[in-house]
Structures are given as C-alpha cells and as structure tokens.
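Student: Chains as they are written, first to last, in our numbering: chain H, 1 to 133; chain L, 1001 to 1075.
Glycine residues also receive a C-beta, built at the ideal position from the N, C-alpha and C atoms.
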Amino acid sequence: MAEQTENPLRDAIAEAIRDNEVILFMKGTPEMPACGFSARTVAALQSTGAPFAAVDILPDPRIRQELSALSNWPTIPQLFVKGELVGGSDIVTEMYESGELHEALGVEAPEAAPAPAAADPAAPPLGIENNLR
Amino acid sequence: MPTTDEIKQRIESAIPDATADVEDWTGGGDHFRATVVSPAFDGLSRIQQHKLVMDVFAGEIGGPIHALSVKTQTP
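Have a look at this one:
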C-alpha cells in the first residue's frame, strides 16, 4: 500500500477505527467536551453504558481533515461502530431515543423491551444447596 | 451567508421530490436545522440519508454554514 508511507496520520486514524469496536471522534474529551454537539453525543453514548474509545480532534487540525477525508463526513463528532461510520450527533441522538443505539452497541435498551425471563422477580435467588452436612 | 429559504430551495432542487423545512437554529444565521422528507431516502441507512442532504452543501459545512442539523424522513 503506497498510501501507508505517504499519509501516516490517515493510516493511524484508520487503524484506530479498525481496532476499536466503538470509537468517537469529538471536540474535547468525554470528561470535558468542547462543543455542544460532542457533549450531546458523549452523553447519549455514556448513558447506554457501553464502553467506547474517544479521540479529541482539537489538538491538531490535520486530524479532522484526515478523518473527514476518510469518512466523507464533514462535521464532528463522528461515531464509528465496528469500523463503520454511524453518524454525528443528530443520528446518534435519534438512535438513542429510538433504542437503536443500544442495539448497535450490543447493550440492552432500558425499558424498550421488558426484561427477559431471567429477571423474573418471582424466581428464587440463585440456589446454593448445602451439601455439607 | 445563506438564508433558510436558500437552504430549503437548494435541498428541494437537489433531492428528488423533497420537501424541506429549514430553521435558523440559533438566530445567528449559521446554525441550521433541516427536516427533509423525500421518497429518495427509502431503503437507505440513516447515514446515507444524511449524506444526501450534507452533499448538497459540500464544502460549506464548517465554513459559511457552521452547523447543519438534519432529520430525514420518508413520506
């Protein structure tokens, strides 16, 4: 791949997307988002409880440039799941509200579906039989 | 600086049978919110639908249009 030597930054971004199942490119950090759109997206992601990697694009303007060239998506934030661009803050928020985000991240949606039978409150707690007599 | 009408017209002429509803989100003339309804979105993923709209303003988002918030629907 000739590109590999010509554009190490783009390769590093592509690698990060490949190596992290859920990765968010944002302005600022999850602890301290530097833009309302990034903040909204982080909040939606965090409330699913799914782990995610986050990259702050602000320290170097080339990160954003290369990311957008790679993803063909003009704005930040950008969420990737399993190597695919899912969307920016509008799409992530919409998916969060509909429960699709949980599904995409492989976590259970809150109240969207009733808890499966395993959580039946009438079921006895895990039975530990005492055989030590 | 683009106006909400201009953005509406550009979306409607670029996407087949689209109707767009565009608001100036912050009143500052650079953050817009567009709700676009078009049969062209049928069968596309959300990201593909949004891309159709974003592509109308390729190169302007992040520039004169600081942010364009998009919601897409099929009729």
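In chain order, what are the residue ranges of uninterrupted beta strand (DSSP E) at least 3 long that sit wholly in the stretch 70-119 of chain H?
Tutor: Taking only runs of at least 3 residues, the beta strand (DSSP E) segments lying wholly in the stretch 70-119 of chain H are 78-81, 84-87.
Student: Considering just the uninterrupted stretch of the beta strand (DSSP E) at Asp1030(L), what are its terminal residues?
Tutor: Here Asp1030(L) belongs to no beta strand (DSSP E), and DSSP marks it neither H nor E.
Student: By the 10 Å Cβ neighbour count, where 16 or more other Cβ atoms means buried, how is Ala1058(L) classified, buried or exposed?
Tutor: Flag for Ala1058(L) reads exposed.
Student: Determine the contact status of Ala54(H) and Pro30(H), defining contact as a CB-CB distance below 8 Å.
Tutor: Cβ distance < 8 Å, so Ala54(H) and Pro30(H) count as in contact.
Student: Can you find the residues in the same chain that come closer than 7 Å, C-beta to C-beta, to Ile1011(L), ignoring five residues on each side of it along the sequence?
Tutor: Excluding sequence neighbours, Ile1011(L) sits near Ala1018, Ala1020, Ala1034, Val1036, Val1053, Val1056.
Student: Give me the chain L residues within the contact set of Pro33(H), using Cβ-Cβ distance strictly less than 7 Å, ordered along the chain.
Tutor: Result: empty, since nearest Cβ-Cβ is about 15 Å, beyond 7 Å.
Student: With a threshold of 8 Å between beta-carbons, can Ile1061(L) be considered close to chain H, or not?
Tutor: Interface residue, yes.
Student: Mind checking which residues open and close the beta strand (DSSP E) that includes Ala53(H)?
Tutor: That run of the beta strand (DSSP E) goes 53-56.
Student: Can you tell me which residues form a DSSP beta bridge with Lys27(H)?
Tutor: Lys27(H) pairs with nothing; no bridge assigned.
Student: Distance, Cα to Cα, Ala123(H) vs Ala104(H)?
Tutor: Low confidence applies here, because Ala123(H) scores a pLDDT of 45, under 50, leaving its location unreliable and the question unanswered by this model.
Student: So who's on the other strand from Ile1061(L), going by DSSP bridges?
Tutor: In DSSP, Ile1061(L) forms a bridge with Ile1065(L).
Student: With respect to the beta strand (DSSP E) encompassing Glu1023(L), which residues constitute its N-terminal and C-terminal limits?
Tutor: Note, Glu1023(L): beta strand (DSSP E), 1019-1024.
Student: On the DSSP bridge list, what partners appear for Val1070(L)?
Tutor: Val1070(L) is bridged to Ala1034(L).
Student: From Pro1016(L), Gln1048(L), Phe1032(L), Gln1073(L), pick the residue whose C-alpha is nearest to that of Thr1004(L); which is it?
Tutor: When each option's Cα is compared against that of Thr1004(L), the closest is Phe1032(L).
Student: Taking C-beta to C-beta, are Met32(H) and Ile76(H) nearer than 8 Å?
Tutor: Their beta carbons are not under 8 Å apart, which means Met32(H) does not touch Ile76(H) by this criterion.
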